[in-house]
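Shown next, in structure tokens, is the structure this report addresses.
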Amino acid sequence: MTKTLVIDYEKCTGCRLCEMVCSVKHEGVNNPLRTRINIAKWETKGLMVPMVCRQCEDAPCIAACPTNARLRDEELGRVIVNYDRCIGCKTCVVACPFGSINWDPYARKVISCDLCDGEPMCARFCETGAIRYIDSSSVNKNHLREAAEKFLESTKAAAEAAH
Amino acid sequence: MALSRKIAYIDLTEGTVETKPIPVKMRKLFLGGRGLDAYLMYNHIKPGIDALSPDNVLFVSAGVLVGTLASASARTHVAAKSPLTNYYGSTNMGGFFAPELRFAGFDHLVIKGKAKKPSYLWIHNGEIEIRDASKIWGKGVRDTQEALREELGDHDIKAMTIGIGGENMVRFANVMTEIKNAGGRTGMGAVMGSKNLKAIAVRGTMDIKIAHPVEALDYDKKVISQVTAAKVSQEQGHLGTLFIFGATNSQGLVRARNFQLNQLDNADAVEPEAFEEHTFGMTGCYGCQVHCRGKYRIPEGPYKGVYEEGPEYTSIGAFAAEPDVRDINTVLVGNHLVNDYGLDTIETGSMIAWAMELYEKGILTDKDTGGLDLRFGNKDAVIEMIHRIARREGLGDLLAEGPLRAAKKIGKDSVKYMVQAKGMSNLQSDERPTPALALGIATASRGSDHLRSRPAIDLYHLPEPVLRQIYGQPVPYEGPLSSDYTDYEGKSWQVFWQEMCYMAVDSLGICKYHTIFLGPNFPNFDEWSKLLYYNTGLEMTPLDIWDAARRATTLERMFNLREGLTRNDDWLVDRYFDEPTKLGIPKNIGRVIDRDKLHKMIDEFYGYQGWDENGIPKRETLKKMGIDKEPSNML
Amino acid sequence: MNVIVLGNGVAGNTAASTIRQLDKKATITIISEETFPEYTACALPHYISGEHSRRRLFLRTKKDYASEKIKTILGQKVTAIHPESKAIDLDGKSLSYDKLIIATGSRPVVPPIPGVNLAGVFTLKSPVDADRIIEGMGKTVVLIGSGPIGVETAIALRKRGLKVYLIEFLNRIMPKIFDVKPSLMLRNILEEKGITVLTGERVNSILGSTKVEGIVTDKRQIVCDEVVMGVGVRPNVELAKQAGITMGSFGGIAVNRQMQTNFEDIYACGDCVQTRDIATGKETLCLLWHNAKREGVIAGSNCAGIPKIYLGSETLTSLDVYGAHAASFGRIEDDPTQEEKVTVTERSTGSGYYRLIVSGGKIVGAQSIGDAQDMGALLYALIKRESLSKINQIIENKPLPVNPLYHRAARHLALQSIKE
């Protein structure tokens, strides 16, 4: 059973530690242009959203790649790049609906989340639970329970109001 | 290389910029941040100048670990001669400015002179430009940053900016970044205003190389876990620093009604839990897993719906305890106003509370307040006075001058109602029951202050073996240590040790909440030695770091002495000694500080520092530290 | 099941691989006139410039075909399709099929200019074309047509040190995908690098006796050793037409959303096909790599019995102009074929230039130079026909459901304060 990197943006505090450890792990340096995960911030609204590759099953970036350099690795459930094939045309950058493929101008290559070969650094360091690497089957468990609780509360309230 | 960042000398009068590398030798002596700024301050500022004149020099720096995998490596240090105290001005702020400055290639900025017209600095990947700020002069802190991002065309730009407070040179105006990161104390915003410098905008995309990435990642995880596992971190991560108010008010350690009482009674409306209702999440600084500030929207009134962050417990002090108000909206709005005007929340609250006591005693009348009812408890007056101070209107213009100058102008022994040391107000803590904390207030280099040497863990009644473990390294200590915070014995060593600890933290650029400040099991010298090595490759033993802290502390002292400081300035106002506390838990009622015992603590404190009985560094201390030939003009 | 695929391009190959993934037992045969394995035309300029080896043009080897158990018949021409008997004529033989996938691609348009048949005049579609262009390099080359292929080839030959002329008939380069301002920004980059760009100029004839010696436009004469023409492509549909397969109004094979032709067992995909634009729903010829690939998946899937629907073609272009990433999708403002009125918002940021084309409160197109990070989100806002006011509203209140698409797109929109 593969695991999924799950983002719960409501828990994100915008600290950008995930950006830092991603960049350091992959490139040995801390640089906001060389990270595969980015926190999109709306400072005056207090909104922070981690943006990272969704490892799409039917990835637009794979469809767009003119040299078939992007492919799915079913073992880890991720999208990877064959750099021998990549010509750096950056069409994948444009095709991604989540803007999650970056262009590293120093290494001169497209970069996107590769799940750190199975031990994602960001999930390891994120203590708020905004980023979790969990069994794909439990991805919606939390949401399910939260929704169920809300449902229970409102039916209870409706029942009490009826009396 | 994380150490390869430069120092830039910017002359606003001439419009020139010069950059230089920072020799590793200077890193080994001072680390960076506040430590290296102490050296720069002593070398670049001439004695006796007017702090609001072009002769003053402003220093802005990122600590040596900023932007690396050290826990919460986010802090900026700002220093200059203080227009509030006329002594060493220094302030520290979190957020995201310091990492951005590092990404842009700089660790230290030295800003001299005065620009002919309103200007701002634009720093980008190794380049510094002085640009016209006439379009943003007059804007609040928030609007300034948005306008800079628009003008420069990049929404990831970070900026350190002043608000109207700084433009009007309110002597305790602060420097701000993002929504609420404040470099609050000692009036650094006024210095920027006096230089016609509205903001420093930064954007950087240069590599910060980590010396040993694999080890750094593993070790950083250990350090982070050490910090977040502590109960105090979890409380902070949930309530923010507000929990400190909750903990201290119940004991009777909070000053209320200016300094007449040591507890705000019936304070439910402004207890931390009351703020929880308005908070919809937490946020924090670069790289930090404690995330100690709340996100809220102002619930009612003319600012309804405005997004804000915080507030800190000092704002409960400033806008509730000290003015004797029990209204949460006043705190929420007050926090927003000081953030957007760019004023020190502590100083602002303290000045308003002082004015209220003067009004109560008839020293200030309706004529002085322009008809404003400045009695304690008038929440609207609190808000109105914040506006007037920022804009320097009426009584606000007088209060904007800070404690000593305002007291001098008002005369009529108004100064005895002021709670200050060296001309800077105290925060809202009442140190009459706690000698150790009182010593810190008296001796801190920048004035009455809680972040330079406060042994907050003294309040936890830790067993003596635990204290010995903490305070017995990296240098040995055989003297007494007491678990009781009402004792005098052994406290001078604690205060001295904490001063070195915080100096090291401020030089490294990390956050005090990740060290022995609010909790006893936190990282300190040992961990920093490893963090330095793994992240920057710099090899410094815990003792080397301690020595660097000692060196910088003594240089700060020398700066103050050169400006006329004497032992008499390391003291507290009379209320501490003459008016016993009235409220709180039984052991905190009826307490004052004993003058003789305080003198003895100060003697011991000076002794540990290597200073003589007048607080002047001894010749052999300077020689041992290698700073007997200052100013040496090496950087 | 016995499947024959006509054409060895990305559409045909993707269809074949898709069938193989879904059906382990089917017999799959790819037939092509060309002699080489699957290659990507998009990488040809990188080969011409010398930055990539020739080997990197090819996406498959014989081993790859073998491991997928896909048979190939290369270098042979199919002469007829017989839908009623479900067979094709190949080199005198007759091969029968259960399902046929036509992926015959497109060929370059050669304008009827005098001298167009001289040696040294090329179009660029296959590795052989590229080989010849490299072989025939002299001192000066003229490129006719400034679409993305023309621009990339101009850059490639300039990198080889040649004097390069890029000639465009309309008033700006890449006139169908960039408006005046961004087009000019790109032109400036090309000119800075020494490429001579001539717009609003028509090439009237090519000079020379057996080999190219120069060209004549309506304004001047240029001496050159080579001419590369990039004025468009046309679908290869003769075989299909002869077989009675219905054509679309623009000259491509007509297909339904399952990529089926009027014959149930004959599918078509790739450059030979006419489709609908995903955003406007209008019929179009949108002959681009990513559309061909997607159509191949759809055709192959339906062929193998797994129903899938093609949602439509995306007009999406992305190219690198000396390090500046230029991207465009949807319609541009200055499009003479469109009548509807649009509003345009542009924005220069530290990292690049964005241009949004908005109509009826929705995004209908966008162009960017430099930073294309948010283009994907904007593209999907276009595809989903999201209204701007909804996006603004979401970002004001609180983004629900969690869809980062909104945040990315909304960020730029909110920043540009487009109010409805």
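Chains as they are written, first to last, in my numbering: chain A, 1 to 163; chain B, 1001 to 1635; chain C, 2001 to 2420. Glycine is no exception: its CB is placed at the ideal position from the N, C-alpha and C atoms. Just so you know, these numbers come straight off a predicted model, no measurement behind them.
Along the alpha helix (DSSP H) that carries residue 1233/B, what are the first and last residues, could you check?
-> 1231-1239
Which whole-angstrom value is the C-beta distance of residue 2269/C and residue 2099/C, which I expect to be below 8 Å?
-> At roughly 12 Å, the Cβ-Cβ gap does not stay under 8 Å, so residue 2269/C and residue 2099/C are not in contact.
The segment 63-77 of chain A: which residues have C-beta closer than 7 Å to a C-beta of chain C, in chain order?
-> 63, 64, 66, 67 and 68
Output, in sequence order along the chain, the residues in the segment 126-155 of chain A whose CB is closer than 9 Å to any CB in chain C.
-> none
Enumerate in chain order the residues of its own chain whose CB-to-CB distance from residue 1631/B is below 7 Å, with the five nearest sequence positions on each side excluded.
-> 1042 and 1043
Where residue 2193/C falls: helix, strand or coil (DSSP) = coil
Who are the neighbours of residue 124/A on chain B, taking C-beta pairs under 8 Å?
-> 1221
Just mark residue 2309/C as buried or exposed, buried being the case when its beta carbon has 16 or more other beta carbons within 10 Å.
-> exposed
Range of the contiguous beta strand (DSSP E) that encloses residue 1294/B = 1293-1297
List, in order along the chain, the chain C residues whose C-beta lies closer than 8 Å to that of residue 97/A?
-> 2376, 2377, 2379, 2380 and 2405
When the Cα atoms are used, what is the spatial distance from residue 21/A to residue 61/A?
-> 25 Å
Under 9 Å, do residue 1554/B and residue 1609/B count as touching if we go by C-beta distance?
-> yes
Give the range of the beta strand (DSSP E) segment to which residue 2094/C is assigned.
-> 2093-2096
Hey, does residue 2233/C have any beta-carbon neighbour from chain A nearer than 9 Å?
-> no
Beta-carbon proximity list for residue 2245/C, same chain, < 7 Å, skipping 5 on both sides = 2253, 2261, 2262, 2263 and 2266
Could you give the DSSP three-state label for residue 1098/B: helix, strand or coil?
-> helix
In chain A, which residues lie with their C-beta within 8 Å of the C-beta of residue 2301/C?
-> Result: empty, since nearest Cβ-Cβ is about 11 Å, beyond 8 Å.
Using the beta-carbon of each residue, which ones in chain A are nearer than 8 Å to residue 1217/B?
-> 21, 24, 25 and 121
Taking C-alpha atoms, which residue in 1181/B, 1190/B, 1183/B and 1148/B lies nearest to residue 1114/B?
-> 1190/B
Would you kindly work out how many angstroms separate the C-alpha atoms of residue 1518/B and residue 1434/B, rounded to a whole number?
-> 16 Å
Cα-Cα separation between residue 1261/B and residue 1614/B, rounded to whole angstroms | 33 Å
Alpha-carbon spacing of residue 1465/B relative to residue 1549/B, whole angstroms | 25 Å
If you run the structure through DSSP and keep just helix, strand and coil, what is residue 2065/C?
-> helix
Considering residue 1433/B, what are the terminal residues of the beta strand (DSSP E) in which it resides?
-> Here residue 1433/B belongs to no beta strand (DSSP E), and DSSP marks it neither H nor E.
Top-ranked residue by Cα proximity to residue 1331/B, from 1046/B, 1380/B and 1504/B | 1380/B
8 Å Cβ shell around residue 2138/C - same chain, five flanking residues per side excluded = 2162, 2224, 2225 and 2226
Looking at residue 1242/B and residue 1130/B, is the spacing between their C-beta atoms short of 9 Å?
-> no
If we cut at 9 Å on Cβ distances, does residue 2399/C have a partner in chain A?
-> Because residue 2399/C carries a pLDDT of 40, less than 50, the predicted location of this residue cannot be relied on, and the following value inherits that uncertainty. By this cut-off, residue 2399/C is an interface position.
If you draw a straight line from the C-alpha of residue 2352/C to the C-alpha of residue 1021/B, how long is it?
-> 31 Å
Cβ shell of residue 13/A (< 8 Å), same chain only, five flanking positions each side left out = 48, 128 and 130
Contact belief for residue 1159/B with residue 1199/B at Cβ below 8 Å, rounded distance in angstroms = 5 Å
For residue 2329/C, the first and last residue of its enclosing beta strand (DSSP E) | 2324-2330
Through-space distance from residue 1585/B to residue 1410/B, alpha-carbon basis = 37 Å
By Cβ distance, which residues of its chain are closer than 7 Å to residue 114/A, with the 5 residues on each side in sequence left out?
-> 78 and 80
Where residue 160/A falls: helix, strand or coil (DSSP) | helix
State yes or no: is the beta carbon of residue 93/A nearer than 9 Å to at least one beta carbon in chain B?
-> no
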